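Report on the following structure.
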Amino acid sequence: MADDEGTAARVDALESILIEKGYVEPAALDAIVETYERDVGPRNGAKVVARSWTDPAYRKRLRHDATPAIAELGFSGRGGEHMVALENTPELHHLVVCTLCSCYPWPVLGLPPTWYKSPAYRSRAVIDPRGVLADFGVTLPDSTRIAVHDSTSEVRYLVVPMRPVGTEGWAEDQLAALVTRDSMIGTGLPSVR
Amino acid sequence: MNGAADLGGMMGFGPVVGEPEDEYFHADWERRALAITLAVGAVGAWSIDASRHAREGLPPAEYLSSTYYEIWIKALERLLLDAGLVEADELAQRRSLRPGVPVNRTLSTTAVPAVLAAGTRYDRPVDVPARFAVGDRVRSRNMHPTGHTRLPRYARGKVGIIERVHGAHVLPDTNAHGAGEHPQWLYAVLFEARELWGDTAEAGLTITIDAWESYLEPT
Numbered sequence: 001m002a003d004d005e006g007t008a009a010r011v012d013a014l015e016s017i018l019i020e021k022g023y024v025e026p027a028a029l030d031a032i033v034e035t036y037e038r039d040v041g042p043r044n045g046a047k048v049v050a051r052s053w054t055d056p057a058y059r060k061r062l063r064h065d066a067t068p069a070i071a072e073l074g075f076s077g078r079g080g081e082h083m084v085a086l087e088n089t090p091e092l093h094h095l096v097v098c099t100l101c102s103c104y105p106w107p108v109l110g111l112p113p114t115w116y117k118s119p120a121y122r123s124r125a126v127i128d129p130r131g132v133l134a135d136f137g138v139t140l141p142d143s144t145r146i147a148v149h150d151s152t153s154e155v156r157y158l159v160v161p162m163r164p165v166g167t168e169g170w171a172e173d174q175l176a177a178l179v180t181r182d183s184m185i186g187t188g189l190p191s192v193r
Numbered sequence: 001m002n003g004a005a006d007l008g009g010m011m012g013f014g015p016v017v018g019e020p021e022d023e024y025f026h027a028d029w030e031r032r033a034l035a036i037t038l039a040v041g042a043v044g045a046w047s048i049d050a051s052r053h054a055r056e057g058l059p060p061a062e063y064l065s066s067t068y069y070e071i072w073i074k075a076l077e078r079l080l081l082d083a084g085l086v087e088a089d090e091l092a093q094r095r096s097l098r099p100g101v102p103v104n105r106t107l108s109t110t111a112v113p114a115v116l117a118a119g120t121r122y123d124r125p126v127d128v129p130a131r132f133a134v135g136d137r138v139r140s141r142n143m144h145p146t147g148h149t150r151l152p153r154y155a156r157g158k159v160g161i162i163e164r165v166h167g168a169h170v171l172p173d174t175n176a177h178g179a180g181e182h183p184q185w186l187y188a189v190l191f192e193a194r195e196l197w198g199d200t201a202e203a204g205l206t207i208t209i210d211a212w213e214s215y216l217e218p219t
């Protein structure tokens with residue numbers, strides 16, 4: 001970002017113009033940033049995944065219609081109005097991308113990481129997903145098929161990774177701590193650390 | 001449109017570099033870029049589809065050499081100009097030169113959490129039945145519209161299977177241009193990698209896209 005200062009000045013000026021014209025409230029801008037830096041992030045999705053691991057009835061609801069099931073835990077809204085949950089199995093691993101822009105399930109994962117929005121990921125996830133997984137240090141058995149989901153509509157996808165072995169009897173919040181953001185996109189796996 | 005944003009299958013961008021979970025922004029101006037884009041979007045002068053079209057409409061060389069939030073800001077300036085909310089001399093001089101024009105609504109600070117938690121649904125009731133059902137074979141259209149579309153180039157003219165029926169959703173192709181929502185049935189369509197990428201693609205690998213009914217024909 002050679003021209004970062006130039007861009008910063010450009011954004012600063014635009015913000016001032018919009019405030020002066022009365023289109024935006026300065027405190028509303030801060031509230032938006034706070035929401036996505038403090039309140040809405042991948043810990044939300046981790047709670048959904050942990051609940052689905054521990055509560056078979058919840059898992060069924062999540063599978064059947066993810067949007068209300070996720071709303072049960074208090075997560076809803078912008079970028080997650082139409083949710084679908086994709087469950088990984090030993091035979092099938094899901095990977096989510098948005099090749100056209102950066103569609104991402106905001107209420108459960110927050111703002112997308114830079115790599116999710118990058119040309120490197122968007123270009124390669126659909127043609128070489130195993131190569132992308134290797135970039136993340138993830139190797140799946142050859143017997144595990146990969147299903148890539150290109151988010152081309154307002155429907156948003158949450159990957160439900162497999163529960164790690166050796167976590168029998170764990171409490172829900174202990175389990176949630178194992179669920180990484182990347183494991184809910186499909187570029188990572190939860191692990192017992 | 002066949003713009004630079006349609007990246008699926010391109011090569012040469014190098015490895016994907018991961019980053020920590022709590023790293024959302026890399027400069028303070030990125031926070032401001034996100035916030036002003038969302039806040040002024042709430043005025044309702046353009047749709048989500050129009051904002052995507054403004055981003056993908058950047059000249060390819062510029063799109064690919066801009067960072068993500070730079071693309072947002074460049075598109076936001078375009079949208080503000082097109083909507084008549086800001087004028088070119090104001091962007092050039094980097095200050096407001098005249099009062100704002102009347103707008104339908106603004107996002108108040110107290111409403112922010114509720115508005116973000118409510119979102120905006122894009123499904124709509126339609127009075128026509130879905131043309132396709134789960135399991136149907138379809139062919140995606142070989143189409144190259146100059147306007148907005150959500151059918152990626154790599155998935156045009158290809159045979160796939162209906163995997164899911166999502167309901168009827170606002171059609172981005174018209175909505176992006178202020179030409180109406182024209183809701184259509186939306187489907188998840190599954191393609192074998194070999195159908196998309198040829199015989200050297202991994203056997204068993206599938207790629208699913210969401211496609212509106214007019215993107216598809218029976219086969």
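Here the protein sequences come in this chain order: A and B.
Under our numbering, the first residue of the first sequence is numbered 1, with each subsequent residue one higher.
Under our numbering, the first residue of the second sequence is numbered 1, with each subsequent residue one higher.
Cβ coordinates follow ideal geometry from the N, Cα and C atoms, glycine included.
Model, not experiment: these values are computed from the prediction.
- At a cut-off of 8 angstroms between beta-carbon atoms, Glu181 of chain B makes no contact with chain A.
- Each of B:Val86, B:Glu21 and B:Tyr69 was checked against the Cα of Gly41 of chain A, and the nearest Cα belongs to B:Glu21.
- In this model, Ile162 of chain B and Pro99 of chain B are separated by some 52 angstroms (Cα to Cα).
- The three-state reading of DSSP puts His177 of chain B in coil, since its state is none of H, G, I, E or B.
- Ala134 of chain A and Tyr63 of chain B have their C-alpha atoms spaced approximately 27 angstroms apart.
- Within the stretch 65-114 of chain B, the complete alpha helix (DSSP H) runs of at least 4 residues fall at 68-82 and 88-93.
- A contact between stretches requires three or more CB pairs, one per stretch, nearer than 8 angstroms, and the stretch 163-175 of chain A fails this requirement with the stretch 132-147 of chain A.
- In the structure shown, His169 of chain B adopts extended strand secondary structure according to DSSP, grouped into three states.
- Here the stretch 11-26 of chain A makes contact with the stretch 79-95 of chain B; the two share three or more CB pairs at distances below 8 angstroms.
- When secondary structure is reduced to three states using DSSP, Gly8 of chain B falls in the coil class, being assigned neither helix nor strand.
- In this structure, DSSP gives His53 of chain B a helical state, which the three-state scheme calls helix.
- Interface residue (Cβ-Cβ distance to chain B less than 8 angstroms): Val11 of chain A is classified as such.
- Val24 of chain A is not a Cβ neighbour of Ala85 of chain A, given a cutoff of 8 angstroms.
- Residue contact with chain B for Tyr104 of chain A: absent (no Cβ-Cβ distance below 8 angstroms to any residue of chain B).
- Burial check for Val112 of chain B: the Cβ neighbour count within 10 Å reaches 16 or more, so the residue is buried.
- The bridge partners DSSP lists for Phe191 of chain B are B:Ile207.
- DSSP places Arg78 of chain A outside both helix and strand once states are collapsed to three, so it counts as coil.
- Straight through space, the alpha carbons of Leu178 of chain A and Val192 of chain A are spaced by roughly 6 angstroms.
- Chain B places no beta carbon closer than 8 angstroms to that of Leu62 of chain A, leaving this residue out of the contacts.
- Arg43 of chain A and Cys98 of chain A have their C-alpha atoms roughly 21 angstroms apart.
- Using beta-carbon distances, Glu154 of chain A counts as an interface residue toward chain B, with a partner under 8 angstroms.
- A direct Cα-Cα distance of roughly 34 angstroms separates Ile207 of chain B from Ile32 of chain A.
- DSSP places Met1 of chain B outside both helix and strand once states are collapsed to three, so it counts as coil.
- The Cβ atoms of Thr7 of chain A and Glu70 of chain B lie closer than 8 angstroms to each other.
- In the DSSP assignment, Leu116 of chain B forms no beta bridge with any residue.
- The three-state secondary structure of Asp123 of chain B, taken from DSSP, is strand.
- Listed along chain B are Glu21, each with a C-beta nearer than 7 angstroms to that of Arg181 of chain A.
- Using a CB distance cut-off of 8 angstroms, Asp89 of chain B does not count as an interface residue toward chain A.
- Interface annotation for the stretch 31-61 of chain B against chain A: Arg31, Arg32, Ala33, Leu34, Ala35, Ile36, Leu38, Ala39, Val40, Val43, Ile48, Arg52, Arg55 and Glu56, criterion Cβ-Cβ distance under 8 angstroms.
- Residues of the stretch 150-162 of chain B with a C-beta atom less than 9 angstroms from some C-beta of chain A are Arg150, Leu151, Pro152, Tyr154 and Ala155, listed in chain order.
- The secondary-structure analysis by DSSP pairs Gln184 of chain B across a beta bridge with B:His169.
- When B:Asp123, B:Phe132 and B:His177 are compared, the shortest CA-CA separation from His169 of chain B is found for B:Asp123.
- Taking 8 angstroms as the threshold, the shortest C-beta distance from Ala5 of chain B to chain A falls below it.
- Counted as a single uninterrupted DSSP element, the alpha helix (DSSP H) harbouring His64 of chain A occupies residues Pro56 to His64.
- About 7 angstroms separates the Cβ atoms of Thr120 of chain B and Glu81 of chain A, confirming a contact at the 8 angstroms cut-off.
- According to the DSSP assignment, Glu20 of chain A belongs to the alpha helix (DSSP H) that extends over Asp4 to Glu20.
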